[in-house]
Structure formats: structure tokens, C-alpha cells
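Remarks on the structure that follows.
Protein chains: 2
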Amino acid sequence: MQHEVANIHRLTPRARRILEVSSELFYDRGIHAVGVDTIAAESGVTKRTLYNNFGSKDALVAAYLTNRHATWWQSLEERLAAAEPPRALALFDVYAEDARTTTRGCAFLNAAAELSTEHPAYAIIRNHKQAVEDRLRGLIAEDQPAADPRRLARHLFLLLEGAFAHQGIHGKGLLTEAREFARKLLA
Amino acid sequence: MQHEVANIHRLTPRARRILEVSSELFYDRGIHAVGVDTIAAESGVTKRTLYNNFGSKDALVAAYLTNRHATWWQSLEERLAAAEPPRALALFDVYAEDARTTTRGCAFLNAAAELSTEHPAYAIIRNHKQAVEDRLRGLIAEDQPAADPRRLARHLFLLLEGAFAHQGIHGKGLLTEAREFARKLLA
DNA sequence: GGGTAATTATACAGATCTGTGAACGTCAAG
DNA sequence: CTTGACGTTCACAGATCTGTATAATTACCC
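Residue numbers (my numbering), protein chains in the order written: chain A, 13 to 199; chain B, 13 to 199.
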């Protein structure tokens, strides 16, 4: 019985499996549309194990988003390490990379659409989006201090989020197009 | 027993009440989070009446989005009738108007996040968003034929949707900021 | 091999979900 | 004054939801 923070590296193998499976289900079908029975069955695990490891469905949802943020952030930083200015475009690349294997848009926006603002996971969503925009602004400030980083970052952020939000509805071409708009704005 | 098209003007008074109440609940709390019992109770109506009028919850959801689109479109056209070029900005104004009384972002994006793509309402969502972008492109083509209407429309569309998608998370200031970006792009 | 943590099996509680059946009011229009 | 549409009452079916209790069993570490 651990279920406090759910640091993915301290998870038991079964728990990690539960987190992986539930992440996929939550993303593909939506959070409310997936029950704990389904998650346990698909993970090849008892419901008891799920509750012993995560404590509640809400906590599992929080773990899902926390882990998603951590994973996403890591691949962003890796890409940034090898990027050349304007590095802000790397954000678009990571999103586009994501979009190659997914079809339901942004996991965080989708979760925000379903959850009450009082849900423990909602703060994670806010923090994630805030972090993205902050990183964007930081990169612009470093690469192009001449521009107005705050305004430019916000403009790019809106393009990014608009494209990602519509990935499921409109198709994935939007992201590369958004990148192109961003590229011109940065030039 | 009608429950086929749900043209709002042919709705019985009770049915209209059900549609109003369910629309508010669906938008505020999410579709899966609201049960038919709650809707019936809050409408001051029996569950039987709900089913006699709409046939199923899915159909009620479809009616919710259909009606929302119709209402929104009408207020858009009214605003456009009194607008002066660049009229594309009127789209931002209608969204911003919406945002003054709501706090959970775009009803269509939120619904898309919850529903399967096979859900009868999903097509309504696609059509709505497509209509918005098409209208945007048409306005730009008429007001500024010199520009590339398709590209410009898409750029504005992304700004619009990015801002609206983040209304619930980030606050409503984003929409006016998006409008400002759009205004400069149109100049 | 003994002790400890993780997991299983199974059953269940209690709530809530969508949807239906059947009989009974009410009221306006023909 | 009958017909028909609208709505109510109320019970219920059957599924699914989150979460728990208990006891037995496996896996791992020292």
C-alpha cells in the first residue's frame, strides 16, 4: 500500500502496468468512459491490486497526467538539447511527433474538459500548460531577445494549442501548418 | 413521442425546458458526469417525459450541440450584419461575448474530448468547426482578396481555437489577446 | 528457508447508470 | 364529447460504477 505520490520509478511492476494500460484507455476513450473493472481486467490484474497501489480512481487519473507530463517533458528537453535556433519550433516538433501515434488530441485538454476544476488532477493540467508556455517564452527570450518574448510566446502558444486541440477533429496536418506559421513569425 | 430531429421550434414547452437544463449541465459538468435522472429532476420533469421527447440520452446530447450551433451561428450572423471590415474579427467578438458568461471553454471541443468518434453527435461537432473556418475564409476572401485567404483563415482559426480551448484553464483574457494578434495579421 | 510485501480469488456493498412498462391524469381541438 | 397528444406516477430491469472485506497465495530478499 503506497498510493501517495506515484513516482513512476518506485512503482511495482504490476502498478506500472496498470498505469500504462489505464493511460491508454483514458486517452482513447475518455476518463469517465473507462471503469476500474475494465482497467484491472485489461491490465491482467485484480481490482484489489489497483486500489492497493493507487488508492482511488481519482488518484490514478492524477498519476496518469503526472506521468504523461514527465514523459512529455523529458522528450522535449532531449529534443531541445539537439536543437538550433529558433528552438521554440522544437515544441511544435514534439507535438507533431506525438500526433504521429495518437489521434485524440491533447490528453490534458481532454481531461480538463471532463474533470471538475476541483478534481485533484486539474492542478496538474494547469501546471503542465503553464510550464509549456513558460518554456516557450524562455526559449524565445534566449534566442531572439529583440522580439517581445511574452507576446510572441503567447502567439505561438495559441497556434500550438489550437492545432493540438483540433487534432482529433480536423486531422494532424494542422500541426505542421501551425509550425509553419510559427516559423514565419520567428523569422 | 417525436424524438427524431429535435428542431427546437417544434419542441413542447417541457421538452424545451429539458433541452435548456441539460445544455447547462452538460456544459458545466461534462456529458458523462450528468445522468438523465439529474436532468429530469432539475427540469422538474419525469424521466419518462425526457425519453418520450428525445428517445435517448445520446439523442439529447445531439440536440444539445445542434441547438448550440444554431444559436451561436445566429448571433454570429447578427454581428456580421453590423460589422465593418475586417469582418473576420467579428468571430473573435462572438467567442469573447460567449466567454463573458461561461467558464468552461468551447462546448464542442469539450464534447469531442468525451465522445467516441462514432457517437451521433461527433459529426455535429465536425460540421460546426468546419463551418466556422469556412465562414472565416469567406469573410477574408471578400474583405481582403489580396491576401491568401486559406492560409490566413487557418492561422486565425488556430488562434481562435487555441484561445477558446484554454478559456477554462487559463482564463478569458486569452480571447482578447488572440483578437489582437488577428487584428495585426489582417492589417 | 523464513519473513515480508505484493498479489490473487471471490464475494459483496451500495450507489448510480440508461432505459422501459403500464396505467392514469389533463386539456385542447375537432 | 370523443379523440389524441402531453405528461405523470411509480415501480422495476439489468447493467455498471467505485470501493471494500477476508483469506489464501505467490514472489522476493536476507
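Positions of the beta carbon are idealized from the N, C-alpha and C atoms, including for glycine.
Predicted model, so just to flag it, every value in this text is computed and none were measured.
{"Asked": "N- and C-terminal bounds of the alpha helix (DSSP H) containing P25(A)", "Found": "25-41"}
{"Asked": "Close Cβ partners of K59(B) (< 7 Å) along its chain, the five nearest in sequence each way excluded", "Found": "V48, D49, A52"}
{"Asked": "Contact list for N122(B) against chain A, beta-carbon separation under 7 Å", "Found": "A125"}
{"Asked": "Inter-residue CB distance, A165(B) and L101(B) (contact presumed, cutoff 8 Å)", "Found": "Not confirmed; about 13 Å, so no contact."}
{"Asked": "Helix, strand or coil at A71(A) [DSSP, three-state]", "Found": "helix"}
{"Asked": "Amino acids of chain A, ordered along the chain, whose beta-carbon sits closer than 7 Å to that of R138(B)", "Found": "I181"}
{"Asked": "DSSP-derived helix/strand/coil call for S87(A)", "Found": "helix"}
{"Asked": "Proximal residues to I30(A) (C-beta, below 8 Å), its chain only, five neighbours per side dropped", "Found": "I51, A52, S55, V57, T61, L62, N65, F66, L72"}
{"Asked": "Outcome for T78(A) when other beta-carbon atoms lying within 10 angstroms are tallied against a minimum of 16", "Found": "buried"}
{"Asked": "Any chain A beta carbon closer than 8 Å to K184(B)", "Found": "no"}
{"Asked": "Chain-ordered chain B contacts of G174(A) [CB-CB under 8 Å]", "Found": "F169, L170, L171, L172, E173, G174, A175, A177"}
{"Asked": "Whether G185(B) touches G117(B) by CB criterion (8 Å)", "Found": "no"}
{"Asked": "Collapsed DSSP secondary structure at Q156(B) in the structure displayed", "Found": "coil"}
{"Asked": "Meets three-Cβ-pair contact criterion under 8 Å: the segment 33-47 of chain A and the segment 120-129 of chain A", "Found": "yes"}
{"Asked": "Nearest-angstrom beta carbon gap, R80(B) and S35(B) [assumed within contact, 8 Å]", "Found": "7 Å"}
{"Asked": "Residues of its chain near K69(B), where Cβ-Cβ distance is below 6 Å and the 5 sequence neighbours each way are ignored", "Found": "V48"}
{"Asked": "Span separating the alpha-carbon of E192(B) from that of A175(B)", "Found": "12 Å"}
{"Asked": "Sequence ranges, alpha helix (DSSP H) only - wholly within the segment 112-147 of chain B, length at least 4", "Found": "119-126"}
{"Asked": "Same chain, Cβ closer than 8 Å to A108(B), five either side skipped, listed in chain order", "Found": "K184, L187, T188, R191"}
{"Asked": "Exposure label - K196(B); buried when at least 16 CB within 10 Å", "Found": "exposed"}
{"Asked": "Amino acids of chain A, ordered along the chain, whose beta-carbon sits closer than 7 Å to that of R149(B)", "Found": "Under the 7 Å cutoff, chain A gives no residues; its nearest Cβ is about 14 Å from R149(B)."}
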